[in-house]
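Written below as structure tokens is the structure these notes are about.
Chains as they are written, first to last, in my numbering: chain A, 1 to 322; chain B, 1001 to 1255.
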């Protein structure tokens, strides 16, 4: 067994950014471990996607009408069959919705170890040493794993720019797994982003509230500040799941990706899933009474002031006098 | 229709999470434990399905300190019964939990398993896909809504950028729940006390041993220091002035 197999995600038309990060990681690992970088792409039509996979030495193409739209069961069948056929030393999957379905599932089906939440990977002999963010980013676990093994990688960990070229780009068309004829699940329909009343992805300033706001009644404090600042109100996942703000305002992994000039994080701890949605923001200011909160690692400025005192004070200064 | 909802405890991250003297695990004795928030949503989704379709719901958790309390709370929330599963190993990682639970769930004859999509300590993978693959059942994770139609479940799966899909899954299946359609309900302490006085928890013993992980933790530590925010100190009024000055300097608010 040799080489690094990358599971490529796409919407059928474009390769997802995470896949270029994985290809960049794969090129680094393949240099130490030896073997090829292989990109597995499974879709109804792989035609529009292969041109983007220049970082791979071989592009494993699996096409079938059953692969139209993302269906976890179908994708796991393809990934498992590719692992069995190609016997890679390392399998890389993004820590995305697909990664949550497939990394541990494919590892279990093939009897391989799986390491999740990886932000760094390096080869040591035939082992892989990985750093993983655990406990909401409060602690980092370093693991040594014998290969072959599966790793799921957090977005933003490797440079996407290094994942576009450097491979031979040979295409290998593989027959779809027989199991695709007996699937026990189906895609009924998909909905894109947008359609809501607000679009926080275009906002220049975002005031984003987290669990620290304490309850729906306190959202008003952040709302007043956002109004005074000319900012849109954003939220972390727990705030949306608690029903304090609508889904269209959620920033992070299963929400929106924002790139404002100013991101004011209020009572947000900064779990990796949240950071994924705002790591390209300009100036980041964080307010959190827990001085150890991971948000302070990515913020430019921070304070442990109580938000209930601080927000009204900022609002008062920004409001026109009188 | 029989639904099992799998629950587990995770460290409450609002409190300090300390590393043990070996430097490879958290100090499990000093941690304050709470129900995994995603499992809390899975539990809510299960109770909503019971209310809408008359399904029978069993809460299941690996036996551990504090788990009985968590199972009583699930009964107070509306599940029909709760079972603790005893294992030979002290491991609680997802591969070990899946090995322990697969046989128990198969024996119970469940049609649908709900559990949280992930947990903050899932270093060795998430439970839903591992359990489903062991059982040979289909699975979907990052699910935010579940409804039942005969022998199928219709689910909403969420992706980044606010995209979603509706999937139909034949039962039996395992779903990794990200969020229930409504926030987990609150149970008054009086109700919990009543349940603890009257309900009996069931138990089952796991037959399968925990599988080898093939991966060893060599270090667990806080992320490297050195980079990070410049901290603004002082009374709230003074910090507010510093923040407003920063925004004005950069032209981010009107001067």
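Cβ atoms here follow ideal geometry from the backbone N, Cα and C, with glycine treated the same way.
Keep in mind it's a predicted model, so treat the numbers as computed, not measured.
Leaving out the 5 sequence neighbours to the left and right, which residues in its chain are closer than 8 Å to residue 1142/B when beta-carbon positions are compared? In the second chain, residue 1142/B corresponds to position 142, counting from 1. Once the five neighbours on either side are set aside, the close Cβ partners of residue 1142/B are 1117, 1157, 1158, 1159, 1176, 1178.
Using a C-beta to C-beta distance shorter than 7 Å, which residues of chain B count as neighbours of residue 73/A? The count along the first chain starts at 1 and reaches residue 73/A at position 73. Ordered by position in chain B, the residues that pass the 7 Å Cβ test against residue 73/A are 1138.
Quick check: is the beta carbon of residue 1051/B nearer than 7 Å to any beta carbon in chain A? Position 51 of the second chain, counted from the start, is the residue given in the question as residue 1051/B. Cβ-Cβ to chain A under 7 Å: no for residue 1051/B.
Grouping DSSP H, G and I as helix and E and B as strand, with all else coil, what is residue 1053/B? Translated into positions along the second chain, residue 1053/B becomes position 53. Reduced to three states, the DSSP call for residue 1053/B is helix.
Can at least three beta-carbon pairs, one atom from the segment 1087-1102 of chain B and one from the segment 1200-1210 of chain B, be found at a separation below 8 Å? yes
Pick from 37/A, 23/A, 48/A: whose alpha carbon is nearest that of residue 11/A? Sequence index remark: in the first chain, residue 11/A carries index 11 (1-based). Ranking 37/A, 23/A, 48/A by Cα distance to residue 11/A puts 48/A first.
For residue 136/A, which three-state DSSP category applies? For the purposes of this step, residue 136/A is taken as the residue at position 136 of the first chain. DSSP places residue 136/A in helix when its eight states are reduced to three.
Of all Cβ atoms in chain B, is any one closer than 7 Å to the Cβ of residue 309/A? Within the first chain, numbered from 1, the residue matching residue 309/A stands at position 309. Interface residue, yes.
With 16 other CB atoms within 10 Å as the buried threshold, where does residue 1186/B fall? For the purposes of this step, residue 1186/B is identified with residue 186 of the second chain, where counting begins at 1. Classification for residue 1186/B: exposed.
Do the segment 39-48 of chain A and the segment 1101-1121 of chain B touch if we need at least three Cβ pairs shorter than 8 Å? no
Chain-ordered chain A contacts of residue 1058/B [CB-CB under 7 Å]: Position 58 of the second chain, counting from 1, holds the residue named residue 1058/B. In chain order: nothing, as chain A lies at least about 23 Å away.
What's the call for residue 37/A, buried or exposed, on a 16-neighbour Cβ count within 10 Å? Start at 1 with the first residue of the first chain, and residue 37/A comes out as number 37. So residue 37/A counts as buried.
What does the alpha-carbon distance come out to for the pair residue 1162/B and residue 1180/B? Position 162 of the second chain, counted from the start, is the residue given in the question as residue 1162/B. Position 180 of the second chain, counted from the start, is the residue given in the question as residue 1180/B. Looking at the two C-alpha atoms, the distance is approximately 16 Å.
If we count the other Cβ atoms within 10 Å of its Cβ and call it buried at 16 or more, is residue 264/A buried or exposed? Numbered from its first residue, the first chain carries residue 264/A at position 264. It is buried - the Cβ of residue 264/A has at least 16 other Cβ atoms within 10 Å.
Assign residue 1014/B to one of two classes, buried (16 or more other C-beta atoms within 10 Å of its C-beta) or exposed (fewer than that). Sequence index remark: in the second chain, residue 1014/B carries index 14 (1-based). With fewer than 16 Cβ atoms within 10 Å of its Cβ, residue 1014/B is classed as exposed.
Own chain, CB closer than 6 Å to residue 109/A, minus 5 neighbours either side, in chain order: Reading the first chain from its first residue, position 109 is the one you call residue 109/A. Excluding sequence neighbours, residue 109/A sits near 80.
Which residues of the segment 1221-1246 of chain B have a Cβ closer than 7 Å to any Cβ of chain A? Give them in chain order. Residues passing the 7 Å Cβ filter: 1221, 1222, 1223, 1227, 1228, 1229, 1230, 1231, 1232, 1236, 1237, 1239, 1240, 1241, 1243, 1244, 1246.
Give the C-beta separation of residue 298/A and residue 275/A to the nearest angstrom, bearing in mind that I take them to be a contact with Cβ-Cβ under 8 Å. To locate residue 298/A, count along the first chain from 1; it is residue 298. To locate residue 275/A, count along the first chain from 1; it is residue 275. Indeed, because the Cβ distance is near 6 Å, the residues count as touching under 8 Å.
Spell out a yes or no on whether the segment 1068-1086 of chain B and the segment 1126-1146 of chain B are touching, meaning 3 or more CB-CB pairs, one atom from each, closer than 8 Å. no
Residues in the same chain with beta-carbon distance under 7 Å from residue 1067/B, minus the five sequence neighbours each way, listed in chain order, please. Position 67 of the second chain, counted from the first residue, corresponds to residue 1067/B. 1009, 1061, 1084, listed in sequence order.
Would residue 1071/B and residue 1201/B qualify as a contact pair, given that the criterion is a beta-carbon distance under 7 Å? Taking the second chain and counting its residues from 1, one reaches residue 1071/B at position 71. Taking the second chain and counting its residues from 1, one reaches residue 1201/B at position 201. Against a cut-off of 7 Å, the Cβ pair of residue 1201/B and residue 1071/B comes out as a contact.
In chain order, what residues of the segment 1164-1177 of chain B put their CB closer than 8 Å to some CB of chain A? 1164, 1165, 1166, 1167, 1168, 1169, 1170, 1173, 1176
Taking all protein chains shown into account, decide if residue 322/A is buried (16 or more other Cβ within 10 angstroms of its Cβ) or exposed. Here residue 322/A is taken as the residue at index 322 of the first chain, counted from 1. With a pLDDT of 46 at residue 322/A, under the threshold of 50, the modelled position of that residue is not reliable, and the figure given next carries that caveat. So residue 322/A ends up on the exposed side.
Who are the neighbours of residue 236/A on chain B, taking C-beta pairs under 9 Å? Residue numbering aside, residue 236/A sits at position 236 when the first chain is read from its first letter. By Cβ distance, chain B contributes nothing, its closest Cβ being about 12 Å from residue 236/A, past 9 Å.
Under the three-state DSSP convention, the category residue 276/A falls into: Position 276 of the first chain holds residue 276/A. Note: residue 276/A maps to coil in three-state DSSP.
Spatial distance of residue 1205/B from residue 210/A (CA atoms): Position 205 of the second chain, counted from the first residue, corresponds to residue 1205/B. Position 210 of the first chain, counted from the first residue, corresponds to residue 210/A. Approximately 40 Å between the Cα atoms of the pair.
Using a beta-carbon distance below 7 Å, is residue 1249/B in contact with chain A? By one-based count along the second chain, residue 1249/B stands at place 249. It does not: the Cβ of residue 1249/B has no partner Cβ on chain A nearer than 7 Å.
Endpoints, beta strand (DSSP E) assigned at residue 1011/B: The residue labelled residue 1011/B in the question sits at position 11 within the second chain. It spans 1009-1011 - the beta strand (DSSP E) in which residue 1011/B sits, taken as one unbroken run.
Euclidean distance between Cα positions of residue 238/A and residue 136/A: Walking along the first chain from the start, residue 238/A turns up at place 238. Walking along the first chain from the start, residue 136/A turns up at place 136. Residue 238/A and residue 136/A: Cα-Cα distance of roughly 13 Å.
By the three-class DSSP mapping on this structure, what secondary structure does residue 298/A have? As a working mapping, residue 298/A is identified with position 298 in the first chain. Residue 298/A falls in the helix class under three-state DSSP.
Touch test, the segment 289-308 of chain A against the segment 1100-1110 of chain B, Cβ-Cβ under 8 Å, three pairs minimum: no
Measure the C-alpha to C-alpha separation of residue 1144/B and residue 1234/B and round it to an integer number of angstroms. Position 144 of the second chain, counted from the start, is the residue given in the question as residue 1144/B. Position 234 of the second chain, counted from the start, is the residue given in the question as residue 1234/B. Between residue 1144/B and residue 1234/B, the C-alpha separation is close to 42 Å.
Below 7 Å on C-beta distance, what does residue 209/A contact in chain B? Within the first chain, the letter at position 209 stands for residue 209/A. Chain order gives no chain B residues near residue 209/A, where near means a beta carbon separation below 7 Å; the closest approach is about 16 Å.
Does the beta-carbon distance from residue 123/A to residue 29/A come in below 7 Å? Within the first chain, numbered from 1, the residue matching residue 123/A stands at position 123. Within the first chain, numbered from 1, the residue matching residue 29/A stands at position 29. The answer is yes: Cβ separation under 7 Å.
Interface partners of residue 300/A on chain B, CB under 8 Å: Start at 1 with the first residue of the first chain, and residue 300/A comes out as number 300. Residues of chain B passing the Cβ test: 1229, 1230.
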